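Trainee:
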Amino acid sequence: MDDDSVEGVVMTNREGAPILTNVSVTGATNYGRALHKFGLLSQMYVKELNPTEEIMIIRIRTRKNEIMVAPDKEFSIVVIQHARARRKVKEKREKNK
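Position one of the sequence shown corresponds to residue 1 (the UniProt record's numbering), numbered consecutively onward.
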């Protein structure tokens, strides 16, 4: 990966099993299955609130990581990056001024 802030990317099939990844198989499986379920539940709740809406991206931020999930009917993409990435980018921009 060109971006140092990105720890990993996982592409899963419709069941949440990893099909492409640059992280360990165990890590990809854990992220894929957990976030697949989370995506399905999130989509269900959004449909309850507004049947015409659809989730495009789910963003989860913890102290350590920021996880972005792009759920789809056929596959999902999960991106895991350092939570401090924004601060690093901002500091880098200010330093270059």
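Every residue, glycine too, gets a C-beta built ideally from N, C-alpha and C. No experiment lies behind these values; they were computed from the predicted model shown.
#1: Rounding to the nearest angstrom, what Cα-Cα distance links L35 and V69 in this structure?
#2: Kindly list the residues whose CB is nearer than 6 Å to the CB of V23, restricted to its own chain and excluding five residues on each side of it in sequence; keep chain order.
#3: How far does the beta strand (DSSP E) with N65 in it extend, from its first residue to its last?
#4: Taking only the alpha-carbon atoms, compute the straight-line gap between E66 and G27 and give it to the nearest angstrom.
#5: For N13, which three-state DSSP category applies?
#6: By DSSP, does T52 sit in helix, in strand, or in coil?
#7: Given L40, which residues of its chain have a CB within under 8 Å of its CB, disregarding the five upstream and five downstream residues?
#8: Leaving out the 5 sequence neighbours to the left and right, which residues in its chain are closer than 6 Å to I19 when beta-carbon positions are compared?
#9: Taking only three categories from DSSP, how would you classify S42?
Mentor: According to the structure data:
#1: 7 Å
#2: G8
#3: 65-71
#4: 15 Å
#5: strand
#6: coil
#7: P71
#8: M11, N13
#9: helix
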